[in-house]
Structures are given as C-alpha cells and as structure tokens.
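Undergrad:
2 protein chains.
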Amino acid sequence: MKIYRANILFTPTPEAFKVLEHGYVVVGDDGNVVDTYQTLPEQYANERVIDFGDRLLMPAMNDLHVHAPQYRNLGIAMDLELLPWLNAYTFPEETKYKDIGYAEKMYRRFVRDLWKMGTMRAAIFATIHPEATCLLADLLNEAGLGGMVGLVGMDRNGPDTLSNTVEEAVEGTKRVMEHTKNMPLISAIVTPRFIPSCTPEMMTALGELANEYKLPVQSHLSENQSEIAWVAELEPESTCYGDAYLRYNMFGQTPTLMAHCCYTSGEEFELMRKNGVFAVHCPTSNCNLGSGIAPIRRFLSAGVPVALGSDVSAGSGFSIFRVIHYTLQMSKMKWVHGGHKEAFLSLSEAFYLATKSGGSFFGKVGSFEPGYAFDALVVDDSDLNFDNYSIQHRLERYIYLGDDRQLTHRFCQGKEIPAPRIIE
Amino acid sequence: MKIYRANILFTPTPEAFKVLEHGYVVVGDDGNVVDTYQTLPEQYANERVIDFGDRLLMPAMNDLHVHAPQYRNLGIAMDLELLPWLNAYTFPEETKYKDIGYAEKMYRRFVRDLWKMGTMRAAIFATIHPEATCLLADLLNEAGLGGMVGLVGMDRNGPDTLSNTVEEAVEGTKRVMEHTKNMPLISAIVTPRFIPSCTPEMMTALGELANEYKLPVQSHLSENQSEIAWVAELEPESTCYGDAYLRYNMFGQTPTLMAHCCYTSGEEFELMRKNGVFAVHCPTSNCNLGSGIAPIRRFLSAGVPVALGSDVSAGSGFSIFRVIHYTLQMSKMKWVHGGHKEAFLSLSEAFYLATKSGGSFFGKVGSFEPGYAFDALVVDDSDLNFDNYSIQHRLERYIYLGDDRQLTHRFCQGKEIPAPRIIE
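From first to last, the protein sequence lines stand for chains F and U. Residue 297 in the numbering used here sits at position 286 of the first sequence, and the numbers go up by one each step. Residue 337 in the numbering used here sits at position 326 of the second sequence, and the numbers go up by one each step.
1) Residues of chain F with CB closer than 7 Å to the CB of Cys298/U, please, in chain order.
2) How is Lys127/F classed by DSSP in three states: helix, strand or coil?
3) Can you find a CB in chain U that lies within less than 8 Å of the CB of Ile331/F?
4) Which residue marks the beginning of the beta strand (DSSP E) containing Ile61/F, and which one marks its end?
5) Quick one: does Leu412/U have its CB under 8 Å from some CB of chain F?
6) Report yes if the CB atom of Val60/U is closer than 8 Å to the CB atom of Phe385/U, and no otherwise.
7) Between Phe355/U and chain F, is there a C-beta pair that is closer than 8 Å?
8) Taking the C-alpha atoms as reference points, what is the distance between Ser230/F and Gly112/F?
9) Against chain U, with Cβ distances strictly below 8 Å, would Val347/F count as a contact?
10) On the DSSP letters alone, give me the boundaries of the beta strand (DSSP E) that Thr144/F sits inside.
11) Quick check for students: name the residue ranges of the alpha helix (DSSP H) that lie wholly in the region 199 to 224 of chain U, counting only runs of 4 or more.
12) Below 8 Å on the Cβ atoms is my contact criterion, and I expect Met344/U with Ile304/U to pass it. Report the Cβ-Cβ distance as a whole number of Å.
13) Would you say Glu468/F lies against chain U (beta-carbon separation less than 8 Å)?
14) I'd like to know if Arg408/U contacts chain F, where contact means its C-beta is closer than 8 Å to some C-beta of that chain.
15) Can you give me the C-alpha to C-alpha distance between Tyr337/U and Asn57/U, rounded to a whole angstrom?
16) Closest by CA to Leu356/U, which one among Ala27/U, Ile197/U and Glu246/U?
17) Go through its chain and collect everything with a Cβ distance to Gln417/U's Cβ below 7 Å, but skip five positions before and after it.
18) Who are the Cβ neighbours of Val242/F in its own chain at under 7 Å, not counting the five residues just before and after it?
19) List the residues of chain F that Ser327/U touches, going by C-beta distances under 8 Å, in chain order.
20) I want to verify the contact list: residues of chain U whose CB lies under 9 Å from the CB of His404/F, in sequence order.
21) Could you check if Arg16/F is buried or exposed, using at least 16 other CB atoms within 10 Å of its CB as the buried criterion?
22) Give a yes or no on whether the C-beta atoms belonging to Leu147/F and Ile135/F are separated by under 8 Å.
23) Evaluate Ala99/U with the Cβ neighbour count: other Cβ atoms within 10 Å of its Cβ, from every protein chain shown; 16 or more gives buried, anything less gives exposed.
24) Listing by chain order, which chain U residues have their CB less than 8 Å from the CB of Ile304/F?
25) Pop quiz: Gly263/F and Gly301/F are said to be a contact at Cβ under 8 Å. What is the actual Cβ separation, rounded to whole angstroms?
26) By Cβ distance below 7 Å, which residues in the same chain neighbour Glu212/F in space, the five residues on each side in sequence not counted?
27) So what does DSSP say about Leu348/U, is it helix, strand or coil?
28) Measuring only the C-alpha atoms, how far is Asn175/U from Asn297/F?
29) What would DSSP say about Ile428/U, mapped onto helix, strand or coil?
30) Can Leu75/F and Leu125/F be called in contact, C-beta distance under 8 Å?
31) Near Arg309/F, which residues of its chain fall below 7 Å by C-beta distance, leaving aside the five closest residues on each side in sequence?
32) Using alpha carbons as the reference points, say which of Ile14/U, Asn18/U and Lys29/U lies closest to Ser359/U.
33) Under 8 Å, do Gly34/U and Leu388/U count as touching if we go by C-beta distance?
34) Going by DSSP, which residues form a beta bridge with Gln229/F?
35) Does the distance from the C-beta atom of Pro381/F to that of Val334/F stay below 8 Å?
36) Under 8 Å by Cβ, that's how I've got Arg119/U and Arg432/U pegged, so tell me the actual separation to the nearest angstrom.
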C-alpha cells in the first residue's frame with residue numbers, strides 16, 4: 012500500500028472537478044486506488060505518507076488514437092489533406108518498419124515521448140509488419156506503460172511495399188495477441204487501416220477475428236469529405252461509412268474506437284450511439300490536415316462515448332493536455348460558426364474525455380475513484396503559480412501554459428514509471 | 012562588426028524561405044545587417060566568425076498585439092466571450108495597475124516572457140495608469156527589447172475604477188511619448204481601447220493627438236458579432252466599425268494596427284486596403300474566446316498588411332511560433348469550412364507574417380536583407396533533429412514541437428539580449 016498527499020484533482024463526472032486541497036490518495040498493492048480522502052482516516056495514522064507538498068496530482072492522460080510508425084514525420088509535411096498526405100508522406104515512412112533496426116530506433120523514441128508528455132495508456136496503430144509490431148509491444152511493456160497495439164491490415168490502394176494479404180493480417184494480429192498474452196497492461200487490437208485500404212475479404216476476415224477472440228477494433232471514420240465520397244463508391248451497398256464497418260462486424264460488436272468522425276451525422280451518428288462506438292476526437296490532426304471540426308457536443312448530448320487522440324503524426328505532438336486545449340478551442344469554433352447552437356465544452360468536460368472517458372476503454376482507468384488503476388501525474392507548477400491561483404486555475408494554467416518540465420512523477424497501474432531509454 | 016555562421020533562414024518574400032546552409036550574416040556596428048552570404052567574401056577573411064555550428068539562425072518574432080496588464084490571467088478564465096470576459100476578468104485585473112508595486116512585479120514577468128519565447132519587439136496595450144505605463148517602457152528599454160507602448164484611453168462602459176478622462180488619456184500618452192523619447196527602440200502609440208470604451212470626445216481627442224504628433228495607433232476591430240452590433244448602435248453615423256475609426260482619423264491617417272478583424276468584409280475591408288491599415292491576426296485568442304476565424308487569405312490577396320499577435324491573455328501564451336502554428340491551422344479550417352474557396356497559408360507565408368510583415372511596423376525589422384535590424388534567434392534543435400531533416404523541415408519541426416528550451420541566443424538590433432530579471 013502507498014499513501015500520497017498532494018492537491019488532488021479528478022473528474023468522476025464531466026460536470027465538475029473533484030478537488031482535494033492537500034488531500035490523500037491510498038493505493039493498494041494491486042496498483043488500484045483504495046480511495047481519496049480530504050483527511051486521512053484513523054486506520055492509516057501510522058502509515059508512511061509520501062508528501063508531494065503543494066504539487067498537483069491528477070489522473071494520467073490516455074491517447075486513444077496514435078500512429079507509432081509516423082514518429083519521424085512529426086511536425087513536418089502538413090501541406091496536404093488526408094488522401095494525398097497518406098500517399099506522399101505516410102505510406103513511404105511506414106514502409107521503413109520492415110527494417111527492425113529502424114523500427115527499434117523510432118519506436119523507442121515514440122515510447123519515450125508518450126511517457127514524457129504524461130500519456131500512460133494508448134491505443135496504437137503500428138504497421139503491417141509483425142516483427143516490428145511485437146517489438147513495439149515489448150518496448151511499451153518494458154517501459155511499464157499500458158495500451159493496445161494494432162497490426163495494420165491494408166490490402167488495397169496503398170503501395171505494394173506496404174500491403175499485407177488477408178492471411179498475413181489475420182496471422183499477424185494473432186501473433187501480437189499471443190505475444191502480449193502475458194503482458195499485464197498490453198493487448199492486441201484489430202486494426203483495419205480504413206475502408207479504402209481494405210478489400211471486402213480483408214474486412215470480413217478481420218471482423219471474424221475480432222468477434223471470435225473478442226478483440227477490440229480501431230479504425231478511422233468520416234475524417235474528410237473526399238474520403239467519405241471514396242468510401243461511398245467503394246462500398247455502394249452501405250448506407251453510410253459507419254454502416255460499412257457495421258456490416259463487417261466491426262462497429263460495436265466488440266469495443267470499437269473510430270478516429271475523427273468529423274462529418275458523422277444522421278444514420279452513422281445513430282449507429283455509433285446504439286452500438287456504443289467511441290468517437291476519438293483528434294482536433295490537432297483535424298486542424299493540421301484541414302479535415303474539419305468534429306461535433307463533440309452532439310456526441311456527448313446523445314451519449315456517444317468520446318475519447319481524445321493525438322493522431323501523431325497528423326497531430327503535431329504527443330501532449331494530450333494540448334489536445335484538451337484544442338478540444339475546448341474547436342468546440343468554441345463550432346459554437347460560433349454554427350450559430351451558437353451547440354454549447355462549447357467546459358474544462359472539466361474536456362479533462363474527463365482525456366481521463367475517465369478515454370481510460371474506460373482500458374478498464375477502470377482515468378479516475379481516482381475506488382477500484383480505478385492508479386495512473387497518475389504529479390505536476391510541480393511552482394513556476395506558473397506566482398499569485399495564489401486556485402487549485403483548479405492552477406490545473407487550467409498547466410494545461411494552457413505548461414509542458415513536460417512540470418511533470419515530476421508519472422504512475423501507471425500504481426507503479427512509478429521512469430524515463431524509457433532511447434537509442435541516440 | 013560581427014559575423015555569425017549558422018543555418019540561416021528568412022523570408023524576403025512570403026512565397027519562400029531563403030535558406031543558407033552553414034551560411035554567414037554580417038552585422039554592422041549600428042546593429043543592422045550588412046548582408047548574408049553562402050560563402051564569406053574575401054574582405055572578411057581575417058575577421059573573427061562566431062560560429063553557431065549546426066544551429067538555426069532566423070529573424071526574431073514580432074508580437075503586434077499584446078496586453079501586458081493581463082499577465083496574471085494567462086491560461087485561465089476563458090469560459091466567456093469577449094464582452095462578458097472583459098467585465099468579469101479583464102477590467103478587474105487591469106484596475107490593479109494603479110498599484111505601482113503590483114505593476115512592477117507583473118510587468119517584469121511580462122518582459123521576461125516576451126524575451127523567453129523569442130519576441131524581440133511588440134506593440135503593447137498597457138492600462139490607463141501613466142506611472143505604470145512609463146515603468147513598462149523602462150523595463151522593456153532596460154531589457155533591450157523594442158516596441159511601442161500604449162496608455163489606454165477608455166471613458167465609457169467600463170468600471171469607474173478603470174476609466175480616464177479625455178484629458179488624462181491625452182496627457183498620459185504625451186507623458187509616455189516624452190518618457191520614451193531617448194529610448195532607442197521604444198516609443199508611444201495612441202491606444203483607444205475600442206469604440207465601445209471611448210466616447211466620441213475621447214476618439215476625437217486621440218485622433219487629433221495621433222495626427223499632431225504623427226503617432227501610430229492601435230485598437231481592436233470586428234473581433235466578435237456582439238461587439239460589432241454594439242458599435243453599430245453606438246456609432247450610427249458610421250457605415251461600418253472601421254469607418255468609425257476613420258471618422259476619428261485613426262484608420263491609416265498614421266500607421267495603424269487593428270487587432271482581430273475576424274468579420275471584416277465589404278466596405279471595412281476596402282477601407283483597410285486603401286488606408287494600409289494592418290490586420291493583426293490573433294488566432295489563439297480568437298479560438299479561446301470563440302470569436303471566429305479571420306479571413307487572412309483574403310487580406311493577403313487584396314494587399315491588406317497582416318501581422319501576428321499573441322493577444323495575451325485572451326491568447327494563451329507568448330509564443331509567436333505557436334501563433335504561426337495556429338495561423339496555418341485556422342487558415343485550413345477557413346479553407347475546409349468555406350468550401351475550399353480560399354487557399355490555406357504556407358509555412359513561409361505564416362513565418363513572413365510573424366517576421367518581415369509584423370516587423371515592418373517598427374521599421375526595417377524582420378528580415379536579414381541588407382539594412383534590416385539584426386533581430387535574431389539561435390535555435391539548437393539537436394534534440395529534434397535525429398534523422399537528417401532538411402533545414403526547412405528543422406524549422407517546421409521547431410515551430411510545431413519546440414519551445415523556449417531550444418532558444419540559445421536572442422538578439423535585438425544587433426545586441427545579444429540576456430534574460431530580463433524578475434522579482435520572485
């Protein structure tokens with residue numbers, strides 16, 4: 012058991028922060044929260060308390076959409092929209108992950124940067140390459156981070172050098188499943204790249220695989236208009252893009268993440284709601300590729316689950332705190348340019364998406380309520396806190412003005428996580 | 012004379028970077044650039060060269076719209092749009108600058124943060140308080156930074172504790188003019204807060220002052236719809252918001268900065284073009300307050316001069332590099348949600364706005380062409396440059412991923428600027 016004392020903030024519900032000024036959190040030997048307390052109960056009176064003084068202690072970030080093999084392209088090549096961007100920059104880069112040496116160099120940096128920015132769990136797209144994908148799982152596992160790793164299925168409309176057969180995609184995913192079965196926090200996720208990259212045979216096989224092994228699914232949905240028009244041509248029998256995934260049994264039949272959903276409405280919206288499909292909001296990416304602004308308030312009002320994603324490298328950084336910032340800003344742009352019809356998000360709502368909502372895809376993750384994994388960040392914001400700000404204002408200032416320098420401790424499932432090693 | 016060697020980038024025109032890989036810049040004793048060279052001319056063969064090795068060397072940032080007395084509120088209080096935000100958060104904070112001790116504490120931090128993020132010149136709103144405004148000029152001058160400082164005129168629709176009379180605004184501005192007359196890089200700027208804050212008498216007097224002393228002018232224009240509607244009520248004889256400034260002789264009669272211009276079109280657009288009025292683009296602020304997306308491509312196509320502003324504290328940070336990032340992203344949002352009619356901006360265009368275009372308000376500033384002030388930043392991006400990126404990609408990665416940690420040297424008018432001192 013461990014007991015920590017600090018200024019604790021978390022969001023049991025989207026509506027408000029629970030704030031414990033100089034409060035306590037008790038963490039069991041299983042790495043789960045026993046409970047939080049404003050005053051430490053008598054039964055713990057003789058226990059050692061690890062005191063973080065005036066620092067902030069909050070749930071760690073969860074990144075529900077990120078492409079590990081796009082690491083090198085971070086911060087460059089954002090002069091094209093989605094489809095030409097994939098062909099010009101992304102596919103050529105991902106092809107390099109056939110080389111396990113290159114994969115190790117880049118994947119170590121990827122894991123280090125997740126850690127650096129305070130992301131303790133992530134749903135990750137790898138590539139078509141089983142060896143590199145298993146290596147990525149190893150590196151996350153060694154680092155002590157949690158998440159899901161997807162070997163990508165893609166057998167059309169990409170370069171020959173970045174295509175797998177249906178059998179390779181199925182066997183590769185099974186290999187990742189097998190490889191991760193003894194890793195406590197890492198598992199496999201079925202990952203059809205997106206409809207334009209996957210033949211009906213690929214989709215059918217991956218849908219069967221997901222349902223047979225009860226594996227979760229991740230893919231892309233309604234990111235941009237050209238993509239949507241293309242999917243309508245490729246899948247004329249589907250009533251909408253989301254319906255195409257549904258017909259292949261990958262739209263909520265098992266837990267499902269759909270990244271972007273910028274233009275989801277009507278039937279697709281209803282299918283997401285009915286099937287509990289997650290909309291993974293990637294606002295930095297959507298700004299960088301000129302994709303559009305997703306209707307997050309509408310998703311929330313309708314009860315569609317929403318999580319946040321960095322979408323590196325279309326997203327221009329790993330910080331989910333930054334994604335919280337953009338989530339707020341883009342909800343305001345939606346509000347003002349949509350005639351003030353949909354209220355913009357509050358800070359607690361956006362923080363909830365990054366923590367408890369996104370974390371729920373991994374189990375009881377993202378809150379400090381009893382039984383939740385103690386995934387946590389300690390923030391020393393003394394450089395920002397020069398004028399007696401409230402605890403909640405201090406968190407807000409950290410989100411808007413802070414970076415990795417203020418993060419002094421990172422915990423995943425109760426364990427403090429040291430900096431993962433990179434190869435210089 | 013000084014000679015520097017590094018990887019040099021600047022934008023003589025918006026269309027493209029001039030890149031000198033391991034090139035040279037020669038700076039005269041007046042602090043102005045003599046010229047840049049790929050190979051050092053014979054005449055300098057025996058001169059000492061200060062070699063920055065593989066680092067990047069580029070023009071410093073110019074912030075053409077920033078409110079120094081909103082420093083404390085940075086990163087908080089962004090749950091309201093402009094008009095209620097002013098009343099609830101901003102006016103109460105600015106009132107505190109009557110206390111010169113408080114002003115010194117905060118203004119020192121303000122100057123330090125400008126420096127920290129690489130901004131060497133700024134057009135600054137102070138408050139109604141002459142003593143604090145002169146102190147701000149002193150602190151900038153001591154630090155070696157350049158810019159313009161405006162004592163704010165505001166005599167209606169604010170709290171009584173934050174109002175000045177017409178005479179106080181005129182005399183206060185003259186006092187700042189007098190106070191700064193021997194400061195080589197600092198000058199006064201006439202600063203009516205915005206039409207709703209200024210009676211016709213205040214506007215008339217400030218317009219006369221600007222024209223009598225040939226002082227530049229800064230104010231706010233067409234930031235949000237409620238403000239525009241209010242101005243139409245307050246100034247029924249004006250054909251548009253911009254026309255109100257024009258009628259008071261503060262719309263290009265002397266050099267003029269108008270912040271925001273989110274909704275400028277039609278006649279107002281034409282008046283800006285004809286009178287060479289600067290549109291100061293503040294996209295982080297416009298996102299945070301839900302103001303809207305300014306039509307930057309239209310301004311540029313029509314020849315309206317455009318500069319960038321942080322608009323602290325509605326803008327959530329001092330980094331003009333971050334503002335470049337948002338300028339690109341918001342131009343993409345305008346492009347996609349406006350039916351692809353107006354092309355989004357390129358990196359070189361956005362960089363040009365932050366450097367040569369914004370800098371032009373201060374004279375020959377913002378480029379490394381002959382005769383330009385050597386305002387420069389040295390960037391050690393070795394932590395970001397792990398895979399042989401091109402020089403231009405390195406700049407792009409710095410803009411998207413870097414921060415103050417990579418800035419190793421800052422120059423203003425040829426002098427290296429050390430960290431300004433703050434009061435802890």
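The beta carbon of each residue, even a glycine, is placed where N, CA and C say it ideally should be. Keep in mind that this is a model prediction, so the values were computed, not measured.
TA: Here's the rundown:
1) Against the second sequence, residue 298/U aligns to sequence position 287. Those within 7 Å of Cys298/U in chain F are Gln340, Lys343 and Met344.
2) The residue given as residue 127/F occupies position 116 in the first sequence. It is helical.
3) In the first sequence, residue 331/F corresponds to position 320, counting from 1. Under the Cβ distance rule, Ile331/F does not count among the residues neighbouring chain U, no pair being separated by less than 8 Å.
4) Position 50 of the first sequence holds residue 61/F. That run of the beta strand (DSSP E) goes Ile61 to Pro70.
5) Start at 1 with the first residue of the second sequence, and residue 412/U comes out as number 401. Yes, Leu412/U counts as interfacial toward chain F.
6) On the second sequence, position 49 is the one that residue 60/U refers to. On the second sequence, position 374 is the one that residue 385/U refers to. For Val60/U and Phe385/U, no; Cβs fall outside 8 Å.
7) The sequence position of residue 355/U within the second sequence is 344, counting from 1. Phe355/U counts as touching chain F.
8) Your numbering for residue 230/F matches position 219 in the first sequence. Your numbering for residue 112/F matches position 101 in the first sequence. Cα-Cα distance, rounded: 27 Å.
9) As a working mapping, residue 347/F is identified with position 336 in the first sequence. Yes - at least one Cβ of chain U is within 8 Å of the one on Val347/F.
10) Sequence index remark: in the first sequence, residue 144/F carries index 133 (1-based). Here Thr144/F belongs to no beta strand (DSSP E); instead the alpha helix (DSSP H) covers Pro141 to Ala154.
11) 211 to 224
12) One-based indexing of the second sequence puts residue 344/U at position 333. One-based indexing of the second sequence puts residue 304/U at position 293. Rounded, the Cβ-Cβ distance is 6 Å, consistent with contact.
13) Only positions 12 to 435 of chain F appear in this structure, which leaves residue 468/F out of reach.
14) Counted from its first residue, the second sequence places residue 408/U at position 397. Cβ-Cβ to chain F under 8 Å: yes for Arg408/U.
15) For the purposes of this step, residue 337/U is taken as the residue at position 326 of the second sequence. For the purposes of this step, residue 57/U is taken as the residue at position 46 of the second sequence. Using only the alpha carbons, I get a separation of about 44 Å.
16) Taking the second sequence and counting its residues from 1, the one referred to as residue 356/U is at position 345. Closest by alpha carbon: Ala27/U.
17) Numbered from its first residue, the second sequence carries residue 417/U at position 406. Hits under 7 Å: Val390, Asp391, Asp392 and Tyr409.
18) Here residue 242/F is taken as the residue at index 231 of the first sequence, counted from 1. Within the same chain, Val242/F has close Cβ partners Ile206, Pro207, Tyr252 and Ala255.
19) As a working mapping, residue 327/U is identified with position 316 in the second sequence. Going along chain F in sequence order, the residues near Ser327/U (Cβ under 8 Å) are His336, Tyr411 and Leu412.
20) Along the first sequence, read from residue 1 onward, the residue named residue 404/F stands at position 393. Those are Gly86, Ile87 and Ala88, listed as they occur along chain U.
21) The residue given as residue 16/F occupies position 5 in the first sequence. Burial call: buried.
22) Here residue 147/F is taken as the residue at index 136 of the first sequence, counted from 1. Here residue 135/F is taken as the residue at index 124 of the first sequence, counted from 1. Result yes, Cβ atoms of Leu147/F and Ile135/F sit closer than 8 Å.
23) Residue mapping note: residue 99/U aligns to position 88 of the second sequence, counting from 1. Burial call: exposed.
24) Here residue 304/F refers to the residue found at position 293 of the first sequence. Within 8 Å Cβ-Cβ: Met344 and His348.
25) The count along the first sequence starts at 1 and reaches residue 263/F at position 252. The count along the first sequence starts at 1 and reaches residue 301/F at position 290. Contact between Gly263/F and Gly301/F is ruled out by a C-beta separation of about 29 Å, above the 8 Å threshold.
26) For this step, residue 212/F is matched to residue 201 along the first sequence. Hits under 7 Å: Val177.
27) Position 337 of the second sequence, counting from 1, holds the residue named residue 348/U. For the record, residue 348/U in the displayed sequence is His; it is not Leu. Under the three-state reduction of DSSP output, His348/U falls in the helix class.
28) Here residue 175/U corresponds to residue number 164 of the second sequence, with the count starting at 1. Here residue 297/F corresponds to residue number 286 of the first sequence, with the count starting at 1. Taking the straight line joining both Cα atoms gives about 45 Å.
29) Residue 428/U sits at position 417 when you count from the first residue of the second sequence. Looking at Ile428/U - three-state DSSP - the assignment turns out to be coil, as it is neither helix nor strand.
30) Stepping through the first sequence from its first residue, residue 75/F is reached at position 64. Stepping through the first sequence from its first residue, residue 125/F is reached at position 114. No.
31) Numbered from its first residue, the first sequence carries residue 309/F at position 298. Residues of the same chain with a CB within less than 7 Å of the CB of Arg309/F, apart from the 5 flanking positions on each side, are Glu353 in chain order.
32) Taking the first residue of the second sequence as position 1, residue 359/U is located at position 348. Ranking Ile14/U, Asn18/U and Lys29/U by Cα distance to Ser359/U puts Lys29/U first.
33) In the second sequence, counting from the first residue as 1, residue 34/U sits at position 23. In the second sequence, counting from the first residue as 1, residue 388/U sits at position 377. Their beta carbons are not under 8 Å apart, which means Gly34/U does not touch Leu388/U by this criterion.
34) Here the question's residue 229/F lines up with position 218 in the first sequence. DSSP lists Leu268/F as partners of Gln229/F.
35) As a position in the first sequence, residue 381/F is number 370, starting the count at 1. As a position in the first sequence, residue 334/F is number 323, starting the count at 1. Taking 8 Å as the Cβ cut-off, Pro381/F and Val334/F do not qualify as a contacting pair.
36) Within the second sequence, numbered from 1, the residue matching residue 119/U stands at position 108. Within the second sequence, numbered from 1, the residue matching residue 432/U stands at position 421. Contact flag correct, Cβ pair sits at about 7 Å.
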